[in-house]
Amino acid sequence: MYAQAMLGLQLESGSIESTQKLSFYLNCHGIFEDQLEPAHKTHVEVLETKHIVREFLHWSVNAKCASVVRNNYWEIQRRKISNSRTIITKAYSSKKMVKNNNKTMAKNGKVMNSEVNALPPRKSVFIAYILWLFGGVFGLHHLYLHRDRHAFLWWCSLGGYFGIGWLGEIFTIPSYVRDANEDPRFIEEFIKKLQTHKKPPYSGKRFLFMIMIGYLFGQLANMAIPNDLYMAMDFNFLHWLIPFFVALGVWTVGNIGRERGVLWHCLLAAFAAYPIRYFIYDETYTILITSLAAALVFDHVSKEWLRTPPKRRGICERFFKFSTAMFIYFSLWGCFFYFNGTITDENGNEVPIHEAFQNFLASAWWTDIKQALKDMYTYAQHHGWYEIWKELLESMDVDGERNAYKVLGLSATASQTEITATYRKLCKTIHPDTVKDESQRATAQQRFIEVQQAYEILSKIKSARIRKNKKVVNDDNENDTIVL
1 MYAQAMLGLQ LESGSIESTQ KLSFYLNCHG IFEDQLEPAH KTHVEVLETK
51 HIVREFLHWS VNAKCASVVR NNYWEIQRRK ISNSRTIITK AYSSKKMVKN
101 NNKTMAKNGK VMNSEVNALP PRKSVFIAYI LWLFGGVFGL HHLYLHRDRH
151 AFLWWCSLGG YFGIGWLGEI FTIPSYVRDA NEDPRFIEEF IKKLQTHKKP
201 PYSGKRFLFM IMIGYLFGQL ANMAIPNDLY MAMDFNFLHW LIPFFVALGV
251 WTVGNIGRER GVLWHCLLAA FAAYPIRYFI YDETYTILIT SLAAALVFDH
301 VSKEWLRTPP KRRGICERFF KFSTAMFIYF SLWGCFFYFN GTITDENGNE
351 VPIHEAFQNF LASAWWTDIK QALKDMYTYA QHHGWYEIWK ELLESMDVDG
401 ERNAYKVLGL SATASQTEIT ATYRKLCKTI HPDTVKDESQ RATAQQRFIE
451 VQQAYEILSK IKSARIRKNK KVVNDDNEND TIVL
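Counting in the numbering used here, the final residue of the sequence shown is number 484, and the numbers go up one at a time with none missing.
The structure is reproduced here in structure tokens:
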């Protein structure tokens, strides 16, 4: 049969069905009749229904080998291979495995899970729009669609420079979802782009965003460098790190989606343009020109198509990389506030934040807090942290007992009889009906309510303690009886 003759395989369910499955795969990637060998042209009638790699992978008897096919299908299209036996046979010849409930079983009988990169989970347009609406400024919808670079830039710029990019995505989210799902429509459009354009065409929106993010990262690095001497050291030499951050921002934008490029081109352009600072003394224009140069070089030299499917990384790896990038970004903001930020004192003088922080650490208030924390730690070492927790709850007066005693004017050792007598006495003296002045009646009403609430709180606490004590006594008596 065609599939067996072409691939030299022994598929489990019959040649006709397997031939059609393979033909669907070839058809969706543009390998049509004119690209097949003459010996295969008699089988072109099976190349009718267009499907995508997802369907082929679902039907494949070898998920691991199917992943290899998927990783090579753009290479097949790009090279216009008329005889596709080599790559597909290589994909299937890695290991002979049998499909078993979405798992694969090797010859030795061990069960192996399908590769993470084989089948991306389906994404929903509705969920993407919900995340865009309620967390789009922070890139939640991009995280959902595995566009981590895009999400990071949305975090850094608050939705593409204060929501401008976020609003512009209202019409592009469906295409993002098709990209994440490797939808047939998206695959077909992308292959047409590969055939039409040798490299990605110019995009004004992407080019402008490269300049903006490069400028943002460069300006942030510039602000993070101490303006004055710190610990008798001059950190002006760190200004030569600004081109690196500019290039990093341009490169990050350029590698979003199905386009990519190398970093070192941007680095060369940024470092070549940055010496203009010796002719233009305004750092703002210097960083802008540096970002423009890096973006031009990336767009005209580095930019190319991402011809291999994007890797489906695990949640742990994605979280680690994303959190590391966020840590570096916010660390730069922290350096800016610490070294170059100022606060105004009561006399109207501006004090650098790093000096104010050092003065705070030397203040009596912080010294007392630090000593209290040390004492608490020492106490916990001897009595346990549970006692610390109990004392903390007591000091917070969670049940309102202390405040209730204060309202009634009693000590914490007062009995229930004293509480009741005091409550009745106060009710007679502060009852709103006894107040003749209308202006004071509202105050008396509030005071009367507070007294009632305090009495109820204390009575409830006293009753609970009495019941608890009786239960303990009864348990002790039962234990004594059993012993006798």
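Every residue, glycine too, gets a C-beta built ideally from N, C-alpha and C.
Just so you know, these numbers come straight off a predicted model, no measurement behind them.
Gln219 sits buried, since 16 or more C-beta atoms from the chains shown fall within 10 Å of its C-beta. Selection Glu438, His354, Leu392, Ser415 evaluated against Tyr230 yields His354 as nearest (Cα-Cα). Of the residues assessed, Glu350 falls on the exposed side of the cut-off, its CB having fewer than 16 other CB atoms within 10 angstroms. With 16 or more other CB atoms across the displayed protein chains lying within 10 angstroms of its CB, Cys156 is buried. For the set Leu241, Ile369, Ile225, the Cα lying nearest the Cα of Asp234 is the one of Ile225. By the C-beta criterion, the region 141 to 149 is judged to be in contact with the region 175 to 187, since at least 3 inter-stretch pairs fall below 8 Å. Listed as beta-bridge partners of Ile343 by DSSP are Val351.
Here the alpha carbon of Gly165 sits roughly 14 Å from the alpha carbon of Tyr176. Residue range 204 to 224 is occupied by the alpha helix (DSSP H) that includes Gly204.
Apart from sequence neighbours up to five positions away, the residues of its chain that approach Tyr423 with a beta-carbon distance below 7 Å are Leu408, Val451, Tyr455, ordered along the chain. Within 10 angstroms of the beta-carbon of Phe186 lie 16 or more other beta-carbons, which makes it buried. Taken through DSSP and simplified to helix, strand or coil, Glu283 comes out as helix.
The DSSP-derived three-state label of Glu391 is helix. Minimum Cα-Cα distance from Pro309 among the listed residues Arg260, Trp264, Ala356 corresponds to Arg260. Boundaries for Phe237: no alpha helix (DSSP H) harbours it, and the DSSP string shows neither H nor E there. Taking the C-beta atoms as reference points, Ile419 is found no nearer than 8 Å to Leu393. Counting of Cβ neighbours within 10 angstroms places Lys198 among the exposed residues, the total staying below 16. Excluding residues up to 5 positions away in sequence, His141, Ile173 lie with their Cβ nearer than 8 Å to the Cβ of Tyr129 in the same chain. If you compare the alpha carbons of Ala364, Asp228, Ala362, Ile211 with that of Ala294, the shortest gap goes to Ile211. Apart from the 5 residues on each side of it in sequence, Arg258 sits with its Cβ closer than 6 Å to the Cβ of Leu306 in its chain, given in chain order.
Collapsing the DSSP output to three states places Glu456 in a helix. An exposed status is given to Thr413, since fewer than 16 other beta-carbon atoms sit within 10 Å of its beta-carbon. Closest in alpha carbon position to Ala356, among Lys374, Ile369, Phe337, is Phe337. Its chain contains Ile461 as the residues whose beta carbon lies nearer than 6 Å to that of Glu401, once the 5 sequence neighbours on both sides are disregarded; these appear in chain order.
For Arg260, the pairing in a beta bridge is given by DSSP as Glu304. Rounded to the nearest angstrom, the Cβ distance from Gly214 to Gly249 is 4 Å, consistent with a contact under 8 Å. Contact between Thr290 and Ala273 holds: their C-beta atoms lie close to 5 Å from each other, under 8 Å. The beta carbon of Ala247 is closer than 6 Å to those of Cys266, Leu267, Ala270, Ala294 in its chain, skipping five residues each way along the sequence. Separation of Tyr329 and Val301 (C-alpha to C-alpha, rounded to the nearest whole angstrom) is 28 Å. In this chain, Pro121 is not harboured by any alpha helix (DSSP H), its DSSP state being neither H nor E.
Looking at the backbone, the Cα of Ile343 and that of Ala221 are separated by about 21 Å.
For Phe322, the uninterrupted alpha helix (DSSP H) run begins and ends at 315 to 335, by DSSP.
Every alpha helix (DSSP H) stretch that sits fully inside the region 128 to 185 and reaches 4 residues is listed by chain position as 140 to 144, 148 to 157, 164 to 168, 173 to 181. Counting along the chain, no alpha helix (DSSP H) covers Thr413, and no H or E run does either.
Excluding its 5 nearest sequence neighbours in each direction, Arg122 has C-beta neighbours in its own chain below 7 Å: Asn181, listed in chain order. Exposure of His382 is indicated by the presence of fewer than 16 other C-beta atoms within 10 angstroms of its C-beta.
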